[in-house]
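Chains as they are written, first to last, in the numbering used here: chain P, 229 to 353; chain Y, 307 to 619; chain F, 213 to 617.
Following this line, the structure appears as structure tokens:
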């Protein structure tokens, strides 16, 4: 049996419920714990094997050797596809995914993250 | 000397209608969103949209007839604004009235649809032309039941003037209950007039982009949208005055609030029906109007004639 | 009314991806329909040949946004077959669970899109709201909402733990209840039925001869389902029905997809219960021995086919993808015969098209002679001529570039 306006009960009930959408930029969205967001690098763990560079599908990651046996990592946030293959490839767990996903910037030059010191991440500003 | 100008330009004319139209659009959109479990726009969204549109460039297509293309939005706006002067809003007497103004209001409310047709036709885009033809086809389907079901209360009141109808129903309280079927038919026909789901066939987004309005942009589109908002207010005012004719003797402020309440509840009914139906095809819409809506409107006329015979005997 | 030719696309509100259709109308009636593909060609097959196998997994995953797991699984299966890897049982179950979750999200998405195409936006809002439930589950399991990246050669990358299992079961209960409501809605709402039934009719014989796949074929009464016909992953151990329908129209396709949703909930529950413990991947060699393999996968839209040829290096020699939309697109012209313009969006949407999956090739025609294809040199000469006619001369710039090189 068909009848027009079948949804009327549901929509009127919904009217008195809390909306399912949120005011997004004002109310932040929390991602699950193992979300594959921005990649961070821990220089003291890196051995410079460059496996991450070999496996990166988009060539977003670059490891360079610094003079004092340390390594610097530069990740292009625009090229990165956030597959986290580098995290899996790294034999020493020097790379890690974070929950951060709001990575848009106004200037294209700032679309990269450079990690050379253990304590902080430097952005080219 | 200045009072008519005040009436025409400020209250209850143009300026009032603009604000009422924007409020009606806000309520429609907010309600539609809440019925769909969404947050919906903030209260200033319709005004912000309008300001944004007016500040944008008007693009007239190269192939279009510029004079007709530019004139049509103005025509639509003027016709809808003029119609309000003959409709009794919160007192039984409209601003201007004469015997036969019912027909004039119906005519004035048909003009916007004609402008959608002409505007679409003269913009020469294929989508606009199809939308234009569709809006004219649709006009012939909903206009007949609408006119018939508006005639029925007039027959019962034995007058062709909306103001006299209002005072008749005011003096004979309870008579408006005879016209309940007509009320339902009129709301469905108004949905067709305002091109809202399930009758938004002339501007079916997924088929013909925006129908008539495909080529319109900037100020001209803003005026078209405004005239649609005002048409919603005027159309619901007409339905309110014909089918819900009570509370006209209240004090000005209370009467005004009651009037806004009536109009906004009609708009709310339209948003509700907009949210529970799928868009019909043009053939299905015409079938529906002629098979179900017109007989219902005819039934309404019959009821009124029988009631009249019974009451005046 | 005389005949008019209307372009639907490359940019049109009915299409979510650029693809060009041209429709000849007489009044509202469709007289002829033709499609032109190639607006989304991204050269993925060629790009695959220049990357290693592990990089290709992520590249083929991005062929499609909705059925990303379908493409990556089909590719990985082919590579595993060439390399002779035996994938652990648990990994196969996890792949199956993700595949069915993906089917749920795809079918709910389709239902919303179908609602939008027929002007029923409330249905769109409700189904997409419910789709968020499964998207959240996918994000929790795999770390991303769309490109799950769960597959790797030789298994899967992430395990499913007990708390995730209880989350999935909870979500399945919510979705099952909502889906039951949608089935009821599809069977009762008058305007919905009026817009869907007897639209886009594809008879059983036409569906067979045009080679329809997936829900399009199943709605014409063809029980064609790779999961049953040629089981992969853990499908041979799961119990499920192949949903078919004999309405042969868009309404039938809606019912098939809704029925498949119910089957998916059942399958996920069964898979979670019967999932064995053990490792989730085996180590894959970087260099895959020479050989070739052909892999089939039942994507939400139909059968997805990948062919991989290996030559003993760490890069494939050839990758070929046939997405389900390519098989189904042939049926659209048949379905639109003698229909109205208003039916066009829903008929195209009813095959659940994914044009960027489909576009494997682009062919350029000479503007004046449509049967002659343009080669690279022709195209270059043509563009130089085109700009010169508009008063722009690139000769100096070209010379400068060539001097720098």
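Even glycine gets a Cβ: it sits at the ideal position worked out from N, Cα and C. Just so we're clear, the structure is a prediction, and the values are computed from it rather than from any experiment.
Kindly examine the ligand GTP and report whether one of its heavy atoms sits closer than 8 Å to the Cβ of residue 333/P. Judged by which ligands are present, the structure shown has none, so any question about the ligand GTP falls away.
Where the beta strand (DSSP E) containing residue 505/F begins and where it ends: As a first step, residue 505/F is located in the third chain; it is residue number 293 there, counting from the start. Per DSSP, residue 505/F belongs to the beta strand (DSSP E) from 503-511.
Is it the case that the segment 408-420 of chain F contacts the segment 231-249 of chain P, given that we only count it when at least three CB pairs across the two stretches are under 8 Å? Taking 8 Å as the limit for Cβ pairs, the verdict is that the segment 408-420 of chain F does not touch the segment 231-249 of chain P.
Within the 9 Å Cβ cut-off, does residue 285/F reach chain P? Numbered from its first residue, the third chain carries residue 285/F at position 73. Closer than 9 Å: no.
Around the C-beta of residue 240/P, are 16 or more other C-beta atoms found within 10 angstroms, so that it is buried, or is it exposed? Start at 1 with the first residue of the first chain, and residue 240/P comes out as number 12. Residue 240/P should be labelled exposed.
DSSP state of residue 552/F, grouped into three classes? Here residue 552/F refers to the residue found at position 340 when the third chain is read from its first residue. The answer is strand: DSSP assigns residue 552/F an E or B state.
Can you tell me which of the three DSSP states residue 585/Y falls into? As a working note, residue 585/Y is residue 279 in the second chain. Of the three classes helix, strand and coil, the one that applies to residue 585/Y here is coil, per DSSP.
Does the beta carbon of residue 407/F sit closer than 9 Å to a beta carbon anywhere in chain Y? Position 195 of the third chain holds residue 407/F. Judged by the 9 Å Cβ criterion, residue 407/F is in contact with chain Y.
Suppose you measure from the CA of residue 333/P to the CA of residue 264/P; what does that come to, to the nearest Å? As a first step, residue 333/P must be located in the first chain, where it is residue number 105. As a first step, residue 264/P must be located in the first chain, where it is residue number 36. Rounded to the nearest angstrom, the gap between the Cα atoms of residue 333/P and residue 264/P is 19 Å.
Considering only the alpha carbon of each residue, which of 255/P, 304/P, 336/P and 313/P lies closest to residue 325/P? Within the first chain, numbered from 1, the residue matching residue 325/P stands at position 97. Cα-wise, what sits closest to residue 325/P is 313/P.
Between which two residues does the alpha helix (DSSP H) holding residue 375/Y run? As a working mapping, residue 375/Y is identified with position 69 in the second chain. Residues 372-389.
Grouping DSSP H, G and I as helix and E and B as strand, with all else coil, what is residue 427/F? Taking the first residue of the third chain as 1, we reach residue 427/F at position 215. Correct three-state label for residue 427/F: helix.
Identify every residue that forms a DSSP beta bridge with residue 325/P. The residue given as residue 325/P occupies position 97 in the first chain. Its beta-bridge partners are 267/P.
Could you compute how far the alpha carbon of residue 288/P sits from the alpha carbon of residue 279/P? Looking up residue 288/P in the first chain gives position 60. Looking up residue 279/P in the first chain gives position 51. Approximately 13 Å between the Cα atoms of the pair.
Going along chain P in order, which residues have a C-beta closer than 9 Å to the C-beta of residue 400/F? Position 188 of the third chain holds residue 400/F. Near residue 400/F (Cβ distances below 9 Å), the residues of chain P are 229, 230, 231 and 234.
Using beta-carbon positions only, say whether residue 292/Y and residue 542/Y come within less than 9 Å of one another. Nothing about residue 292/Y can be read from this structure; chain Y reaches only from 307 to 619.
So is residue 258/P buried or exposed if we call it buried at 16+ other beta carbons inside 10 Å? One-based indexing of the first chain puts residue 258/P at position 30. Flag for residue 258/P reads exposed.
Cβ neighbours of residue 346/Y in the same chain (closer than 7 Å, five flanking residues each side left out): Start at 1 with the first residue of the second chain, and residue 346/Y comes out as number 40. Same-chain partners within the cutoff: 335, 336, 339 and 340.
Contact criterion: CB-CB distance below 9 Å. Does residue 238/P meet it with respect to chain F? Here residue 238/P refers to the residue found at position 10 when the first chain is read from its first residue. Chain F places a beta carbon closer than 9 Å to that of residue 238/P, counting this residue as a contact.
Roughly how many angstroms separate the alpha carbons of residue 236/P and residue 310/Y, rounded to a whole number? For this step, residue 236/P is matched to residue 8 along the first chain. For this step, residue 310/Y is matched to residue 4 along the second chain. The straight-line gap from Cα to Cα measures roughly 45 Å.
Just how far apart, CA to CA, sit residue 501/F and residue 430/F? Taking the third chain and counting its residues from 1, the one referred to as residue 501/F is at position 289. Taking the third chain and counting its residues from 1, the one referred to as residue 430/F is at position 218. The straight-line gap from Cα to Cα measures roughly 38 Å.
Take residue 530/F as the anchor and find which of 418/F, 289/F and 262/F has the nearest alpha-carbon. Within the third chain, numbered from 1, the residue matching residue 530/F stands at position 318. Answer by Cα proximity: 262/F.
Presumed contact (8 Å Cβ cut-off) between residue 250/F and residue 563/F, rounded CB distance: Working through the third chain from its first residue, we reach residue 250/F at position 38. Working through the third chain from its first residue, we reach residue 563/F at position 351. Beta-carbon to beta-carbon, residue 250/F and residue 563/F are separated by about 18 Å, too far to satisfy the 8 Å threshold.
Just to confirm the assignment: which complete beta strand (DSSP E) runs, minimum length 3, are found wholly within the segment 219-289 of chain F? Counting only runs of 3+ residues, the beta strand (DSSP E) found wholly inside the segment 219-289 of chain F occupies 232-238 and 241-248, in chain order.
Within 9 Å of any Cβ in chain Y, is that where the Cβ of residue 253/P sits? Along the first chain, one-based indexing puts residue 253/P at 25. Chain Y contact via Cβ: absent.
Find the residues of chain P that neighbour residue 583/Y, judging by a C-beta separation of less than 8 Å, and give them in chain order. For this step, residue 583/Y is matched to residue 277 along the second chain. Simply 232 and 233.
Taking DSSP's pairing of strands, which residues face residue 534/F in a bridge? The residue labelled residue 534/F in the question sits at position 322 within the third chain. According to DSSP, which records beta bridges pairwise, residue 534/F is partnered with 517/F.
Residues that DSSP places opposite residue 368/F in a beta bridge: Locating residue 368/F in the third chain gives position 156, where the first residue counts as 1. According to DSSP, which records beta bridges pairwise, residue 368/F is partnered with 363/F.
Could you check what DSSP says for residue 613/F in three-state terms: helix, strand or coil? Residue mapping note: residue 613/F aligns to position 401 of the third chain, counting from 1. Helix.
Beta-carbon within less than 6 Å of residue 410/F's beta-carbon, same chain only, minus the 5 sequence neighbours each way: which residues are those? If you number the third chain from 1, residue 410/F lands on position 198. Answer for residue 410/F: 461, listed in chain order.
Beta-carbon proximity list for residue 217/F, same chain, < 8 Å, skipping 5 on both sides: The residue labelled residue 217/F in the question sits at position 5 within the third chain. Excluding sequence positions up to five before and after residue 217/F, its CB lies within less than 8 Å of the CB of 234, 235, 236 and 237, all in the same chain and listed in chain order.
Is the beta carbon of residue 323/Y closer than 9 Å to that of residue 386/Y? As a working note, residue 386/Y is residue 80 in the second chain. As a working note, residue 323/Y is residue 17 in the second chain. A contact, by the Cβ cut-off of 9 Å.
Which residues in chain P have a C-beta closer than 8 Å to the C-beta of residue 340/Y? List them in chain order. Against the second chain, residue 340/Y aligns to sequence position 34. The answer, in chain order, is 242, 243 and 247.
Status (buried if at least 16 other CB within 10 Å, exposed otherwise) for residue 482/Y: As a first step, residue 482/Y must be located in the second chain, where it is residue number 176. In this structure residue 482/Y is buried. Its beta-carbon is surrounded by 16 or more other beta-carbon atoms within 10 angstroms.
Measuring straight from C-alpha to C-alpha, what distance separates residue 382/Y and residue 350/Y? Along the second chain, read from residue 1 onward, the residue named residue 382/Y stands at position 76. Along the second chain, read from residue 1 onward, the residue named residue 350/Y stands at position 44. A straight line joining the alpha-carbon of residue 382/Y with that of residue 350/Y spans about 24 Å.
Looking only at C-alpha atoms, which of 267/F, 401/F, 227/F and 334/F sits nearest to residue 365/F? The residue you call residue 365/F lines up with position 153 of the third chain. Among 267/F, 401/F, 227/F and 334/F, the Cα nearest to that of residue 365/F belongs to 267/F.
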